[in-house]
Amino acid sequence: MPESRTVITFGTFDVFHVGHLRVIERAAALGDRLVVGVSADELNLRKKGRAPVFSQAERLAIVAALKPVDEVFVEESLELKRHYITEHAADVLVMGDDWAGRFDEFEDICEVVYLPRTPAISTTALIEKISAGS
Ligand code: C2G
907 MPESRTVITF GTFDVFHVGH LRVIERAAAL GDRLVVGVSA DELNLRKKGR
957 APVFSQAERL AIVAALKPVD EVFVEESLEL KRHYITEHAA DVLVMGDDWA
1007 GRFDEFEDIC EVVYLPRTPA ISTTALIEKI SAGS
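First residue of the sequence shown: 907, per the numbering used here; consecutive thereafter.
1) Since Leu927 is in the alpha helix (DSSP H), which residue starts that stretch and which ends it?
2) Span of the beta strand (DSSP E) holding Arg988?
3) Using DSSP with H/G/I as helix, E/B as strand and the rest coil, what is Phe1009?
4) Just to confirm before moving on: does the CB-CB distance between Gly917 and His923 stay below 8 Å?
5) Is Leu999 helix, strand or coil when you go by DSSP?
6) Tell me the DSSP secondary structure of Ser945 in three-state form.
7) Are the stretch 960 to 967 and the stretch 995 to 1003 touching, with three or more C-beta to C-beta distances below 8 Å?
8) Can you grab the Cα-Cα spacing for the pair Ala1006 / Tyr1020, in whole Å?
9) Would the stretch 968 to 984 and the stretch 933 to 941 be scored as touching if the rule is three or more Cβ pairs under 8 Å?
10) Taking 7 Å as the cut-off, is the C-beta of Gly925 nearer than that to any heavy atom in the ligand MG?
11) Provide the residue span of the beta strand (DSSP E) that contains Glu977, from first to last.
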């Protein structure tokens, strides 16, 4: 029986939009099983200085409900990637190319793939657009 390929990806996935969906679909297409680490509220407060619009429980529920997603977990720290990759026996790490080069150090334990971001959409732009009421 051929070996099954596990793909892992990480993100905040706040104010979930089609750019998030596309990266998840493309990540899933690179293997047989997709595991997604959803960043903790605490991690966002620490790293970005603000809480996400949707709580980690809500963001996890949304991502877990997606058809291409097999498993979700809370990403407690950016520094634990190696641990998460090993724990989930991931063969491929996928990230959007806003992170290009940042995770090359894990090439010793898995394949590292950066996918082009979906143009012209971001959580920040959406929040601004909604706030402006336009
Ligand atoms: N993304 C994309 N196209 C967009 C917006 C986002 O492909 N227009 C991708 C990002 O490149 C990322 C994923 O969607 O791979 C999630 O994006 P964010 O929620 O912004 O995640 P981020 O806060 O960058 O992740 O370990 C990483 C952390 O969890 C933080």
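We put the beta carbon where it would ideally sit given N, CA and C, even for glycine.
Taking the structure as given:
1) Val924 to Ala934
2) No beta strand (DSSP E) holds Arg988; the alpha helix (DSSP H) holding it covers Lys987 to Glu993.
3) coil
4) The answer is no: Cβ separation not under 8 Å.
5) strand
6) strand
7) no
8) 6 Å
9) Counting Cβ pairs under 8 Å, three or more are found: they touch.
10) The model on display carries the ligand C2G but not the ligand MG.
11) Segment Glu977 to Glu981, the beta strand (DSSP E) holding Glu977.
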